[in-house]
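Notes follow once the structure below has been shown.
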Amino acid sequence: MPAFEYLCEVKSFRMLTPTVFEIAFDAKSPPPPEATPEKVSPPYAFEAGQFISVIIPGAGPKGRDLRRAYSIASAPETRPVELCVKLVEGGPGTNYLYTLRPGDVFRGFAPYGDFVFEPKAGRHACFIATGTGIAPFRSMILSESYQMAKPLSTTCLLGVRDENELLYVDEFDSLPWVKWVTAVSRPADPSWNPKHGFRGRVTDYFRAQGDDFPWLETEYYLCGAGPMIDEIKQILAGRGVLKESIHQEVYYKTPTK
Ligand SMILES: Cc1cc2nc3c(=O)[nH]c(=O)nc-3n(C[C@H](O)[C@H](O)[C@H](O)COP(=O)(O)OP(=O)(O)OC[C@H]3O[C@@H](n4cnc5c(N)ncnc54)[C@H](O)[C@@H]3O)c2cc1C
């Protein structure tokens, strides 16, 4: 599916955690230039796991526009479309999106990306995210195509620093067919011990898994911080997992702090 330009009208804005916000929008084609009506964008559509490239007006050198990628966090069948964005201190993209409120319009090009769920018969699916890296997995797991694909089992891991940064906990808790694991590396409350919680990083969780984990029968999807993805890949390689079974989307290479 080629990418087209869209005008995205914000329908809602809410904080999901102290530093992560959700923007929901409806997208429509910009009005065509008089001479080229064939440039009208088709109705907004995407595959679960794909992203939109948002235009950040005037934020680049010499007042040029910048672009930032955001995975769609909602299923392809639902509207409005949802993004889940981590507010980065001093970051032009996130600070622009953070100012938007219902009725505001931003521009973007979509859909982009090939980080989509590839159904494979007789395989388990394991989704591993840090922070807002959960966005494409939420889209995949809630999508109709994923429900049809029926992997042998679905495990979804979300790693965050402290429990206040956990995302979509109640929603994932309500999906009985997902094994949902939240990995918290530095709990703010030392007695933090929820139902599906693991103390430590997602990488620690994997190191703690034994030979009964279906290492070689699983397709792995990794999204978020580059260092986490590299470390998980090393652990999986140590377990003999083939590269073909590992799918990844790197949001950024190095953390800010
Ligand atoms: C395919 C793709 C999809 C993406 N989807 C999302 C998404 O759904 N939600 C989202 O919040 N971000 C997402 N990102 C990251 C996003 O594109 C921007 O890089 C990010 O929002 C920072 O942009 P900025 O202009 O505010 O700050 P910048 O000045 O561009 O970034 C500053 C620094 O912030 C850190 N950083 C970037 N992204 C994150 C993050 N998500 N969490 C913590 N630290 C970060 C990095 O260290 C980066 O170098 C995605 C990136 C890619 C490549």
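All residue numbers in the sequence shown are consecutive under this note's numbering, ending with 243.
Every residue gets a Cβ at the ideal spot worked out from N, C-alpha and C, and that includes glycine.
Keep in mind that this is a model prediction, so the values were computed, not measured.
In the DSSP assignment, Ile120 falls outside any alpha helix (DSSP H) and carries neither an H nor an E. In this structure, the straight-line span from the alpha carbon of Lys106 to that of Glu205 is close to 8 Å. Within the segment 25 to 104, the complete beta strand (DSSP E) segments of 3 residues or longer fall at 37 to 42, 52 to 57, 67 to 72 and 91 to 98, listed in chain order. Annotation for Gln234: the continuous beta strand (DSSP E) segment containing it runs Ile232 to Tyr238. Between the segment 45 to 65 and the segment 76 to 83, the count of C-beta pairs closer than 8 Å reaches three or more; the two stretches touch. Counting the other Cβ atoms within 10 Å of the Cβ of Glu8 gives 16 or more, which makes it buried. The beta-carbon distance between Thr189 and Lys165, rounded to whole angstroms, is 18 Å. This is too long to meet the 8 Å contact definition. In the three-state scheme derived from DSSP, where H, G and I count as helix and E and B as strand, Ser139 is classed as coil. Not one heavy atom of ligand 1 falls within 6 Å of the beta-carbon of Arg0.
Under the DSSP assignment, Glu157 falls in the alpha helix (DSSP H) whose first and last residues are Val155 to Asp159. For the alpha helix (DSSP H) assignment, the uninterrupted runs of no fewer than 4 residues enclosed by the segment 158 to 223 are, from N- to C-terminal side, 188 to 193. Annotation for Thr141 indicates a beta carbon at 6 Å or more from all heavy atoms of ligand 1.
Distances from the CB of Phe37 to the heavy atoms of ligand 1 include at least one below 6 Å. For Ser(-2), the secondary structure class from DSSP, reduced to helix, strand or coil, is strand.
The count of Cβ pairs closer than 8 Å, one atom from the segment 162 to 179 and one from the segment 137 to 153, reaches three, so the stretches are in contact. In the structure shown, the three-state DSSP call for Lys106 is coil.
Approximately 6 Å separates the beta-carbon atoms of Thr118 and Val71; this is inside 8 Å, confirming the contact. If you ignore the 5 residues before and after Pro137, its C-beta comes within less than 7 Å of the C-beta of Arg109, His110 and Ala111, all in its own chain and listed in chain order.
Excluding five sequence positions before and after Arg87, the CB atoms of its chain that fall closer than 8 Å to its own CB belong to Val(-4) and Phe(-1), given in chain order.
For Glu8, the beta-bridge partners assigned by DSSP are Arg0 and Cys70. Residue side-chain check: Val71 places its Cβ nearer than 6 Å to a non-hydrogen atom of ligand 1.
Contact between the segment 9 to 16 and the segment 203 to 219 is absent: fewer than 3 CB-CB pairs across the two stretches fall below 8 Å.
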